[in-house]
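S.K.: Mapping of the sequence shown onto our numbering: residues 34 to 150, in sequence order. Idealized CB from N, CA, C, for every residue including glycine. Below you'll find the structure I mean.
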Amino acid sequence: MSEMNVPTKVSALDVIRALVELFAVISLILWGLLGFAFPLPGLIIAILAPALAILLWALFRSPKAVFRVDYFVKALVEIVVMATAAFAWFDLQQPIIGVVFLVIAAVTGVIQGLREI
34 MSEMNVPTKV
44 SALDVIRALV
54 ELFAVISLIL
64 WGLLGFAFPL
74 PGLIIAILAP
84 ALAILLWALF
94 RSPKAVFRVD
104 YFVKALVEIV
114 VMATAAFAWF
124 DLQQPIIGVV
134 FLVIAAVTGV
144 IQGLREI
């Protein structure tokens, strides 16, 4: 017998969180390209910073994470990734974008955390 794939429900919060995560990765790319001298330091940071954020997220925070960790570690990883992306906007002299991003990331993170408990 073959296993049937059960469709998963995707809520509005899931979509918003995916967009927040995507915005964090794009923020780190822009930070590397616009915030540092091009080509060497800027290009390296534009590649390594988002790669490290994606790796941390995939290992500890994603729904199908490689390592199953408690809520504290999940929250810590999310705070580090989102705070780094917000810092990138502050470093690029765009504090309004950084604050708005931090508020949205914090609200969606708290709601998701409460949902997981």
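How big is the Cα-Cα spacing for residue 132 and residue 126?
M.R.: For this step, residue 132 is matched to residue 99 along the sequence shown. For this step, residue 126 is matched to residue 93 along the sequence shown. Between residue 132 and residue 126, the C-alpha separation is close to 12 Å.
S.K.: If you follow the alpha helix (DSSP H) that residue 117 is in, where does it begin and where does it stop?
M.R.: Here the question's residue 117 lines up with position 84 in the sequence shown. Where residue 117 is concerned, the enclosing alpha helix (DSSP H) stretches over 104–124.
S.K.: Would you call the segment 101–109 and the segment 142–149 in contact, with 3 or more CB pairs under 8 Å?
M.R.: yes
S.K.: My output table needs one value for residue 136: the three-state DSSP class, helix, strand or coil.
M.R.: For this step, residue 136 is matched to residue 103 along the sequence shown. Residue 136 falls in the helix class under three-state DSSP.
S.K.: Can residue 138 and residue 43 be called in contact, C-beta distance under 9 Å?
M.R.: In the sequence shown, residue 138 corresponds to position 105, counting from 1. In the sequence shown, residue 43 corresponds to position 10, counting from 1. No, the Cβ-Cβ distance between residue 138 and residue 43 is not below 9 Å.
S.K.: I'd like to check one pair, residue 117 with residue 82: are the Cβ atoms closer than 9 Å?
M.R.: Here residue 82 is taken as the residue at index 49 of the sequence shown, counted from 1. Here residue 117 is taken as the residue at index 84 of the sequence shown, counted from 1. Result yes, Cβ atoms of residue 82 and residue 117 sit closer than 9 Å.
S.K.: Helix, strand or coil for residue 53 per DSSP?
M.R.: As a first step, residue 53 must be located in the sequence shown, where it is residue number 20. Helix, per DSSP.
S.K.: Exposed or buried, what is residue 121 when buried is set at 16 or more other beta-carbons lying within 10 Å of its beta-carbon?
M.R.: Here residue 121 refers to the residue found at position 88 of the sequence shown. Residue 121 is buried by the Cβ-count criterion.
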